[in-house]
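Some notes on the structure that comes next.
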Amino acid sequence: MTYPIGKFLLIFCFGVLPIMGILLGLRGPAARRQGPIVLAFLAGVIPIISLFIPKLFLADSESGMSPRLDAYLIIVAGFALPLGIVNVIQNNSKRAMRREKGWFYAVVLLFGLFATAAVGLYGAISGEGIGFRPDGSSTPFKWIEDNAFRPLQATMFALLAFFMASAAFRAFRARNTEATILLVAGLIVMTGRVPLLELLASPFPALQPAAASASAWFGKLTEWIMNVPNSAAQSGIIIGAALGAAAMAIRVILGIERSYLGLEKGE
Amino acid sequence: MTLLDRILRIDRRWIFLLVGLSVLIPILIPLGLPISTTAPTQAAFDFIEGLQPGDVVWLSFDYGPSSAPENDPMAEGFMRHCLSKDVKVIVCALYPLGGLGLANSAVARIAAEFPNKKYGVDYVNLGYKDGAEAVMRRLGENIASAFPTDVNGRPVSEFPIFQGVQSLRQIKLVFTVATGLIGEYWITLVNSQFGTPVIVGPTAVSAPKYYAFLSSRQMAGMLGGMKGAAEYEQLLMKRYPPLGEFYESTRGFTAIKGMDAQTGIHLVIILFVVVGNVAFFMHRLRQPRS
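If you read the sequences in order, they're chains A and B.
Counting in the numbering used here, the first sequence tops out at residue 267, every number present.
Counting in the numbering used here, the second sequence tops out at residue 290, every number present.
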């Protein structure tokens, strides 16, 4: 008979230990502070050691501690959504009740949130379906998504084009060497990514072959900019960000970084 | 007030009007401008062409309605391409702000175009799951543990498409149509850890970041923004005549149609940048040196 060691260890680490921490924390504030740090240490260390120690209780795809932690993470991520909803309700209801500036928008937001959630939950609980009914027809939730959510999101994003054009006219200036390099590279990429020269030459058939070859040249130059200077800079940024994330992870695992605990100063 | 001052202090509503017209006119009067193919799109197309009938691929809807005009043609083109080649497609959504709705709509549209393809056999929709990184790690070990049921609540073990497919290791390709960070996660988690080839269809704003992953060969190809989607549509039209007829006759939105409007807006922005800089330098030349 084999014992699921990984399961027992996970229950101890993430079930028994937190309960002990809460109980001890009722008596002493120090234990309340130390409990989450111990949990973060275990949650951070288990996936790392499972990579180097391929024992079944650590790394087995079904019963290992590390894959089970991944499954727990999906559940924890699911709880982030209700937390966000609670936060939105708290902030906007306060704004509406205090009649702060823009309170009407807070009311509209809350109405949209509750109306959409109500029809979605009704569809899920009644078995009618959230998006589509069993017969394939659309539900009220789908109607709200198609006729309110999608057009509003698309409109918000489309407005960017207007502000980008206005900002480009007012702020995109060759004030110094760096800005000039950025400006020239930007203009080349904008020209090379679309058939701009063909558009300009379209009323003049005689110019079209020259426009096509010039456009191809701009296209090649654009690809070079993207493949060489852009790729090199992006690699540097990605590697730098990854090293920063690794350093931050080590600080969290070792309990050096504690801001995520939300402790007050001096706690 | 001189002409120069007037240009520099132009009311931004004139700019907005020109931007609006530059988008509206090409939509109302299509120009049919030529589209050249770039290497990342060609690489993506060639990789998909190299798949065999019966292979299973993964399509992840990792974008929302805000970038749908750029991303929808990529996702739909990919599904049309795969189903035309008898390649099986597993669909999921990992983007919380509307990814599932877009996936449902796209699957319904493409299913109507391919009535001979069966749900659960040739394609399946697993729906949305929160926690993208954790979901990808689980998918690398066991698909059913991350998605026990499809979008309609039916157990995935019921579907023949999953025969011989336990995890992402048996998937021949992941195609993520992504805005934000989720596309990057597919590369760093799935390609790097499980070896599954990844193609990303990012928005044009995100595309520069992915060139680093293309250079390091962590991606099999990329469809960058609407331009990439239009290139892909054009390649599909040439290779598959029925799809060519579809793209020529459809009244729906395609990336090829969208490129006309995008060219118009690029022209307006370039003009504004050039005019703004010329006016700026002339203004500086006229100012007395202190």
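Glycine residues also receive a C-beta, built at the ideal position from the N, C-alpha and C atoms.
Of all residues in the region 52-72 of chain A, those with a C-beta nearer than 8 Å to a C-beta of chain B are SER61, GLU62, PRO67, ASP70, ALA71, reading in chain order.
Assignment of alpha helix (DSSP H) within the region 155-194 of chain B, counting only whole runs of 4 or more residues, yields 182-185 in chain order. Secondary structure of MET222 of chain B (DSSP, three-state): strand. Counting C-beta pairs closer than 8 Å gives three or more between the region 193-201 of chain B and the region 214-228 of chain B, which meets the contact rule. A Cβ-Cβ separation of about 6 Å places LEU187 of chain A in contact with ILE270 of chain B under the 8 Å criterion. For TYR211 of chain B, the C-beta contacts it makes with chain A under 7 Å involve MET226, ASN227, ASN230, SER231, GLN234, in order along the chain. For GLN234 of chain B, none of the residues of chain A pass the 9 Å Cβ criterion, the least Cβ distance being about 12 Å. Annotation: the region 63-101 of chain B contains the following complete segments of the alpha helix (DSSP H) (minimum length 4 residues), in chain order: 68-84. A contact between stretches requires three or more CB pairs, one per stretch, nearer than 8 Å, and the region 57-71 of chain B meets this requirement with the region 146-159 of chain A.
ALA39 of chain B is not a Cβ neighbour of SER235 of chain A, given a cutoff of 8 Å. The C-alpha of GLY252 of chain B lies about 10 Å from the C-alpha of PHE246 of chain B. Under DSSP, no beta-bridge partner is assigned to VAL189 of chain A.
Within chain B, the residues whose beta carbon sits less than 7 Å from that of GLN153 of chain A are GLY64, PRO65, SER66, GLY98, listed in sequence order. VAL57 of chain B and LYS88 of chain B have their C-alpha atoms spaced approximately 6 Å apart. A Cβ-Cβ contact shorter than 8 Å links ALA134 of chain B with ALA77 of chain A. Contact annotation, THR176 of chain B with ILE182 of chain B: C-beta distance approximately 7 Å; criterion of less than 8 Å satisfied. Counted as a single uninterrupted DSSP element, the beta strand (DSSP E) harbouring VAL198 of chain B occupies residues 198-202.
Here ASN92 of chain A is near ALA106 of chain A, since their CB atoms are less than 8 Å apart.
SER36 of chain B sits close to ALA216 of chain A, with the two beta carbons spaced by under 8 Å. Close to PHE12 of chain A, with beta-carbon spacing below 8 Å, lies no residue of chain B; the smallest spacing is near 22 Å.
As summarised for the region 220-270 of chain B, the continuous alpha helix (DSSP H) elements at least 4 residues long and confined to that stretch are 225-239, 241-249, given in chain order.
Taking C-alpha positions only, GLN34 of chain A is separated from GLY21 of chain A by approximately 8 Å. The straight-line gap separating the alpha-carbon atoms of VAL119 of chain A and PHE12 of chain A is approximately 40 Å. ASN87 of chain A: member of the alpha helix (DSSP H) spanning 65-97, first to last residue.
Assignment of THR2 of chain B by DSSP, reduced to helix, strand and coil, places it in the coil class. Within 7 Å of the CB of ALA115 of chain A, no CB atom of chain B is found; the nearest one sits about 16 Å away. With respect to the C-alpha of THR222 of chain A, the residue from A:SER202, A:LEU197, A:MET190 having the closest C-alpha is A:MET190.
For ARG150 of chain A, the nearest CB of chain B lies under 8 Å from its own CB, placing it at the interface with that chain. Cβ atoms of LEU59 of chain B and MET79 of chain B come within 8 Å of each other, at about 7 Å. As computed with DSSP, THR37 of chain B is found in no beta bridge at all.
Pairing ALA165 of chain A with LEU196 of chain A, the inter-Cα distance amounts to about 17 Å. Of the residues B:VAL165, B:GLY50, B:LYS209, B:ARG13, the one whose Cα lies closest to the Cα of ALA233 of chain A is B:LYS209. Identification of chain B residues near THR139 of chain A by a Cβ-Cβ cut-off of 7 Å yields none; the smallest Cβ-Cβ distance measures about 11 Å.
Taking all protein chains in view, the Cβ of PRO205 of chain A is surrounded by fewer than 16 other Cβ atoms within 10 Å, so the residue is classified as exposed.
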